[in-house]
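Visitor: Below you'll find the structure I mean.
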Amino acid sequence: MGGSEATTVRLFCPLLAKTVPFVVWEEQRLDLGYIARTFGLDPATLKLNSHFIGRGVDLIASSVTWNSLLSFFSARGFPTGKDDQDALVVDGKLVKVGTKRLHDPQDSVNGSCYVTEYEVDGSNRRPQPGDLNLVKNKRLKDISSDIEERGNYVPNAITHTEFACSYMSENLKRRREDEAFLASPCKRIR
Numbered sequence: 001m002g003g004s005e006a007t008t009v010r011l012f013c014p015l016l017a018k019t020v021p022f023v024v025w026e027e028q029r030l031d032l033g034y035i036a037r038t039f040g041l042d043p044a045t046l047k048l049n050s051h052f053i054g055r056g057v058d059l060i061a062s063s064v065t066w067n068s069l070l071s072f073f074s075a076r077g078f079p080t081g082k083d084d085q086d087a088l089v090v091d092g093k094l095v096k097v098g099t100k101r102l103h104d105p106q107d108s109v110n111g112s113c114y115v116t117e118y119e120v121d122g123s124n125r126r127p128q129p130g131d132l133n134l135v136k137n138k139r140l141k142d143i144s145s146d147i148e149e150r151g152n153y154v155p156n157a158i159t160h161t162e163f164a165c166s167y168m169s170e171n172l173k174r175r176r177e178d179e180a181f182l183a184s185p186c187k188r189i190r
């Protein structure tokens, strides 16, 4: 990395009681996502020596290098990670079980990573986004075929008859009382 030296920094996570050696370069920016994955922590909650480090979208500190971080901690008397007794303290919340995260490649080799099987329409496969559309389309086809079948049972005489005294005549507008009384030949006037 352009003349910077590689050093080993020890990181300690009190939640797991685990110390990990970390090889870094002085001018390398902090990859907080990698540190969080190493300990199984949520990257959004990660703190080093109880200090929150600003990071970009890619979880890499935008302006903090390992050299500047270690000199900051040594000036204030915080651990700098030179050995196991002086390890940097890594704080954060553990990643919740069941959330989407990167799986350790070793898990798939050992077989400890498993996938739940779903049963849809009697087949063992995962539900797809298109399944919902298929159900809707099937329901629409059933409804339209049912309407067509019912159409055969309705007497044709009723469907073609015009009713002068009903609301169905003249553009489906409701008539006023005086129009309905005058135009109603089906009523008998006494």
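Numbering (the working numbering), first residue to last: 1 to 190.
Positions of the beta carbon are idealized from the N, C-alpha and C atoms, including for glycine.
1. In chain order, what residues of the same chain lie with their CB nearer than 7 Å to the CB of K47, ignoring the 5 residues before and after it?
2. Looking only at its own chain, which residues have a Cβ that is under 8 Å from the Cβ of A17, when we skip the five neighbours before and after it?
3. Let me know the secondary structure DSSP gives L32 once reduced to three states.
4. If you draw a straight line from the C-alpha of T7 to the C-alpha of V23, how long is it?
5. Can you tell me whether L15 is buried or exposed? The criterion is at least 16 other CB atoms within 10 Å of its CB, across all chains shown.
6. Just the C-alpha distance for P43 and G77, rounded to the nearest angstrom, thanks.
7. Apart from the five residues just before and just after A36, which ones in its own chain have a Cβ nearer than 7 Å to its Cβ?
8. For the beta strand (DSSP E) that contains A87, what are its first and last residues?
9. Whose C-alpha, out of L88, C13, E27, F12, is nearest the C-alpha of N67?
10. Taking just the CA atoms, how far does G33 sit from N49?
11. Can R10 and L70 be called in contact, C-beta distance under 9 Å?
12. Would F73 and T65 be called neighbours here (beta carbons separated by less than 9 Å)?
13. Taking only the alpha-carbon atoms, compute the straight-line gap between Q85 and I53 and give it to the nearest angstrom.
Guide: To lay it out plainly:
1. Walking along the sequence shown from the start, residue 47 turns up at place 47. D91, G92.
2. Looking up residue 17 in the sequence shown gives position 17. Excluding positions up to five away in sequence, the list is empty.
3. Indexing the sequence shown from 1 puts residue 32 at position 32. Helix at L32.
4. Walking along the sequence shown from the start, residue 7 turns up at place 7. Walking along the sequence shown from the start, residue 23 turns up at place 23. Roughly 6 Å separates the two Cα atoms.
5. Counted from its first residue, the sequence shown places residue 15 at position 15. It counts as exposed.
6. For the purposes of this step, residue 43 is identified with residue 43 of the sequence shown, where counting begins at 1. For the purposes of this step, residue 77 is identified with residue 77 of the sequence shown, where counting begins at 1. In a straight line, the C-alpha of P43 is about 25 Å away from that of G77.
7. Position 36 of the sequence shown, counting from 1, holds the residue named residue 36. Taken in chain order, the residues that qualify are D42, P43, L46, G92.
8. Along the sequence shown, read from residue 1 onward, the residue named residue 87 stands at position 87. Premise fails: A87 is in no beta strand (DSSP E) and is neither H nor E.
9. Here the question's residue 67 lines up with position 67 in the sequence shown. Nearest C-alpha to N67: E27.
10. As a working mapping, residue 49 is identified with position 49 in the sequence shown. As a working mapping, residue 33 is identified with position 33 in the sequence shown. Straight-line Cα distance between these residues: approximately 16 Å.
11. Here residue 10 corresponds to residue number 10 of the sequence shown, with the count starting at 1. Here residue 70 corresponds to residue number 70 of the sequence shown, with the count starting at 1. No, Cβ-Cβ distance for R10 and L70 is not below 9 Å.
12. Taking the first residue of the sequence shown as position 1, residue 73 is located at position 73. Taking the first residue of the sequence shown as position 1, residue 65 is located at position 65. No, the Cβ-Cβ distance between F73 and T65 is not below 9 Å.
13. Sequence index remark: in the sequence shown, residue 85 carries index 85 (1-based). Sequence index remark: in the sequence shown, residue 53 carries index 53 (1-based). Between Q85 and I53, the C-alpha separation is close to 23 Å.
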